[in-house]
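Notes for the one structure printed next.
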Amino acid sequence: MNTGQSTGSASTSPAAARRVSRRVGAISPSATLAVDAQAKALKAAGRPVIGFGAGEPDFPTPAPIVEAAQQAAADPRNHRYSPGAGLPELREAVVRATERTDGVTVEPRQVLVTNGGKQAVYQTFATVLDPGDEVILPAPYWTTYPEAIRLAGAREVPVLAGADQGYLPTIAQLEAARTERTRAVLLCSPSNPTGAVWSPEQITELGRWALAHGIWVISDEIYQHLTYDGTPFTSVLSAVPELADTCVLLNGVAKTYAMTGWRVGWMIGPADIVAAASNLQSHLTSNVNNIAQRAAIAALDGPMDAVEEMRIAFDRRRRTIVEKLSAIEGFTVPVPEGAFYVFPDVTGVLGRTIGDTRVETSGDLAAAILKHAEVAIVPGEAFGAPGHLRFSYALADADLAEGVDRVAALLAR
Ligand code: PMP
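Using our numbering, you'd call the opening residue of the sequence shown number 109 and step up by one each time.
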């Protein structure tokens, strides 16, 4: 076995010289998972850490969904391999849900059930991109997109829109980033990490622009049920139905139904793309866990009252956190209209010394806050937007209030 310290002939072999492939060696660890893990480890060690890092609801999965899974676990049909692209019943449930929420009609063969939305992201890029292709990526962006784009041999072209623009780029900015290599544009509305929601007009404009230039629209709709103040969710495919041949919708049960641990997502696209992605998945993971798929059917076909209760709780926390963060001098806080994140611009507090730490970047700031206030926050660097912090407000009201109070007290010193 090669221990990494071998000598002699092993160290001169090509395998020893380059232990990790270039492609995989270039991947950064997920910063959001890292912050969450750090917070959980400190908590396990007895520290009173408050974590704003997690990108997941803090609620248990609603009981009827859990009961459906319990029944499924007892049914031997679910103990076997099932069709790689997903249980037919789940693909049909996704079709119905997409009709209801997106106002878009698709066929079951256009749906591929994946191990969470994350696998849908990866497989979509792997299926539509070739080496040398470019993907226009509005920034701040969710940290997984650039890695998935690069794994496909392509390159992300970030287009940064700051707090002054509510974190939404204009079409003119996207157009300025377009080249003859542009193959796709990524849309994430409501957005992780900013909570920004594209308006129906902006989505229509984006869709028409992409259509005019033959660019794929990859639309991540995983937060579609979490919008506030009556802000509507708009699916790009309902706004511009002509995109049907060049659009992939990404979605899953994780955020809507508090099911992050169940690992069920899906991609919806033109039948040829879904068939190709399905071939890829057949060699990668085969079918998604049948019990989780049965739970997802119960989620999609079931009542939405538990979802609405969670949304109301998130909305309450959103108001609290926005109010409290806005009161901190040097923070600029656009009001998020969706998802469960708030993304202040913190450039106003950089350049100071906090505790024993000189804080030059938002990464330094997040580290200083974790060290001196025992509050875990993800720095903007993880989202292609240095100078910002991402707070998830999917945590208990009391913890949320105390956590922000601690940050405020630290920065007021
Ligand atoms: N898209 C976005 C924008 C997300 O924030 C996440 C979760 N952080 C996902 C997709 C993937 O979610 P999952 O794999 O848990 O379904």
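The beta carbon of each residue, even a glycine, is placed where N, CA and C say it ideally should be.
None of these values were measured; they are calculated from a predicted model.
For residue 133 and residue 165, what's the separation of their Cα atoms in angstroms? Within the sequence shown, the letter at position 25 stands for residue 133. Within the sequence shown, the letter at position 57 stands for residue 165. Distance between the alpha carbons of residue 133 and residue 165: 31 Å.
Leaving out five residues on either side along the sequence, give the residues of the same chain with a beta carbon under 7 Å from the beta carbon of residue 500. Position 392 of the sequence shown, counted from the first residue, corresponds to residue 500. Cβ neighbours of residue 500 beyond the five flanking positions: 160, 161, 162, 163, 448 and 449.
Can you confirm whether the segment 255 to 274 touches the segment 390 to 400 when touching is taken to mean that 3 or more C-beta pairs between the two stretches lie within less than 8 Å? They do not touch, by the three-pair rule.
Could you tell me the boundaries of the beta strand (DSSP E) in which residue 359 lies? The sequence position of residue 359 within the sequence shown is 251, counting from 1. Going by DSSP, residue 359 is part of the beta strand (DSSP E) stretching over 355 to 360.
Three CB pairs or more closer than 8 Å across the segment 345 to 360 and the segment 432 to 445: Cβ pair count under 8 Å is below three, so no.
Using a Cβ-Cβ cutoff of less than 6 Å, which residues in the same chain neighbour residue 297 once the five nearest sequence positions on both sides are dropped? Counted from its first residue, the sequence shown places residue 297 at position 189. Excluding sequence neighbours, residue 297 sits near 305 and 306.
Nearest-angstrom Cα separation, counted from residue 401 out to residue 415: The residue given as residue 415 occupies position 307 in the sequence shown. The residue given as residue 401 occupies position 293 in the sequence shown. Computed Cα separation, rounded: 18 Å.
Cβ of residue 474 within 9 Å of Cβ of residue 487? Counting from one through the sequence shown, the residue named residue 474 turns up at place 366. Counting from one through the sequence shown, the residue named residue 487 turns up at place 379. For residue 474 and residue 487, yes; Cβs fall inside 9 Å.
Apart from the five residues just before and just after residue 478, which ones in its own chain have a Cβ nearer than 6 Å to its Cβ? Along the sequence shown, read from residue 1 onward, the residue named residue 478 stands at position 370. Taken in chain order, the residues that qualify are 484.
In chain order, what residues of the same chain lie with their CB nearer than 6 Å to the CB of residue 363, ignoring the 5 residues before and after it? Position 255 of the sequence shown holds residue 363. Exclusion of the five residues before and after residue 363 leaves 330 and 331 as the residues of its chain whose Cβ lies within less than 6 Å of its Cβ.
Around the Cβ of residue 502, are there at least 16 other Cβ atoms within 10 angstroms (buried) or fewer (exposed)? Within the sequence shown, residue 502 is the residue found at index 394, counting from 1. By the neighbour-count rule (16 or more Cβ atoms within 10 Å), residue 502 is buried.
At a cut-off of 8 Å, is residue 173 close to the ligand PMP when judged by its beta-carbon and the heavy atoms of the ligand? If you number the sequence shown from 1, residue 173 lands on position 65. Flag unset: Cβ of residue 173 not near the ligand PMP.
DSSP three-state label for residue 462, please. Within the sequence shown, numbered from 1, the residue matching residue 462 stands at position 354. Strand.
Taking the alpha carbon of residue 158 as the reference point, which residue from 168, 147 and 152 has its own alpha carbon closest? Here the question's residue 158 lines up with position 50 in the sequence shown. Checked all of 168, 147 and 152; the closest Cα to residue 158 is 147.
Span of the beta strand (DSSP E), counted from its first residue to its last, around residue 246: Here residue 246 is taken as the residue at index 138 of the sequence shown, counted from 1. Unbroken beta strand (DSSP E) run through residue 246: 242 to 247.
Reduced DSSP secondary structure (H/G/I, E/B, other) of residue 394: In the sequence shown, residue 394 corresponds to position 286, counting from 1. Correct three-state label for residue 394: coil.
Out of 315, 371 and 289, point me to the one whose CA is closest to residue 223's CA. For this step, residue 223 is matched to residue 115 along the sequence shown. Of 315, 371 and 289, the residue nearest in Cα terms is 371.
For the structure I just gave you, are there three or more beta carbon pairs, one from the segment 201 to 211 and one from the segment 169 to 178, closer than 8 Å? With the cut-off at 8 Å, the segment 201 to 211 and the segment 169 to 178 do not touch.
State yes or no: is the C-beta of residue 274 nearer than 8 Å to some heavy atom of the ligand PMP? Counting from one through the sequence shown, the residue named residue 274 turns up at place 166. Flag unset: Cβ of residue 274 not near the ligand PMP.
Under the DSSP definition of a beta bridge, which residues are partnered with residue 499? Locating residue 499 in the sequence shown gives position 391, counting from the first residue. The beta-bridge partner set that DSSP reports for residue 499 consists of 450.
Taking all protein chains shown into account, decide if residue 315 is buried (16 or more other Cβ within 10 angstroms of its Cβ) or exposed. In the sequence shown, the residue the question calls residue 315 occupies position 207. Label assigned to residue 315: buried.
Just to confirm the assignment, what range does the beta strand (DSSP E) spanning residue 268 have? Indexing the sequence shown from 1 puts residue 268 at position 160. Its beta strand (DSSP E) spans residues 263 to 268.
Can you tell which of 350, 190 and 189 has the C-alpha that lies nearest to the C-alpha of residue 378? Here residue 378 corresponds to residue number 270 of the sequence shown, with the count starting at 1. Nearest to residue 378 by alpha-carbon distance, out of 350, 190 and 189, is 350.
Is the beta carbon of residue 229 within less than 8 Å of some heavy atom of the ligand PMP? Walking along the sequence shown from the start, residue 229 turns up at place 121. Correct: residue 229 has its Cβ closer than 8 Å to the ligand PMP.
Could you name the residues of the same chain whose beta carbon sits closer than 7 Å to that of residue 235, not counting the 5 residues immediately before and after it, in chain order? Numbered from 1 along the sequence shown, position 127 holds the residue referred to as residue 235. These residues qualify, in order along the chain: 381, 384, 385 and 388.
Taking DSSP as the reference, what is the three-state secondary structure of residue 320? Locating residue 320 in the sequence shown gives position 212, counting from the first residue. Residue 320 falls in the helix class under three-state DSSP.
Pair every Cβ in the segment 242 to 256 with every Cβ in the segment 282 to 298, then say whether three or more of these pairs are closer than 8 Å. Segments in contact, yes.
Can you find the residues in the same chain that come closer than 6 Å, C-beta to C-beta, to residue 127, ignoring five residues on each side of it along the sequence? One-based indexing of the sequence shown puts residue 127 at position 19. Excluding sequence neighbours, residue 127 sits near nothing in its chain.
Go ahead and pull the three-state DSSP assignment for residue 335. One-based indexing of the sequence shown puts residue 335 at position 227. Residue state, collapsed to three classes: strand.
Three-way DSSP call (helix, strand, coil) for residue 115 in this model: Taking the first residue of the sequence shown as 1, we reach residue 115 at position 7. Any reading at residue 115 needs caution, since the residue's pLDDT is 45, under 50, leaving its predicted position unreliable; the model's value is listed next. DSSP places residue 115 in coil when its eight states are reduced to three.
Would you decide whether residue 303 is buried or exposed? Buried here means 16 or more other CB atoms lie within 10 Å of its CB. In the sequence shown, counting from the first residue as 1, residue 303 sits at position 195. Buried, since its Cβ has 16 or more Cβ neighbours within 10 Å.
What residue does the alpha helix (DSSP H) around residue 477 start on, and which one ends it? Residue numbering aside, residue 477 sits at position 369 when the sequence shown is read from its first letter. Following the DSSP letters along the chain, one finds residue 477 inside the alpha helix (DSSP H) bounded by residues 470 to 481.
Straight-line CA distance for residue 193 to residue 156? Translated into the one-based positions of the sequence shown, residue 193 becomes position 85. Translated into the one-based positions of the sequence shown, residue 156 becomes position 48. Approximately 44 Å between the Cα atoms of the pair.
Along the beta strand (DSSP E) that carries residue 375, what are the first and last residues, could you check? By one-based count along the sequence shown, residue 375 stands at place 267. For residue 375, the enclosing beta strand (DSSP E) starts and ends at 373 to 376.
Sorry if obvious, but does the Cβ on residue 498 come closer than 8 Å to a heavy atom of the ligand PMP? One-based indexing of the sequence shown puts residue 498 at position 390. Residue 498 Cβ: outside cutoff for every heavy atom of the ligand PMP.
Can the beta-carbon of residue 435 be found less than 9 Å from the beta-carbon of residue 516? Within the sequence shown, the letter at position 327 stands for residue 435. Within the sequence shown, the letter at position 408 stands for residue 516. Annotated as proximal: residue 435 and residue 516, with beta-carbon spacing under 9 Å.
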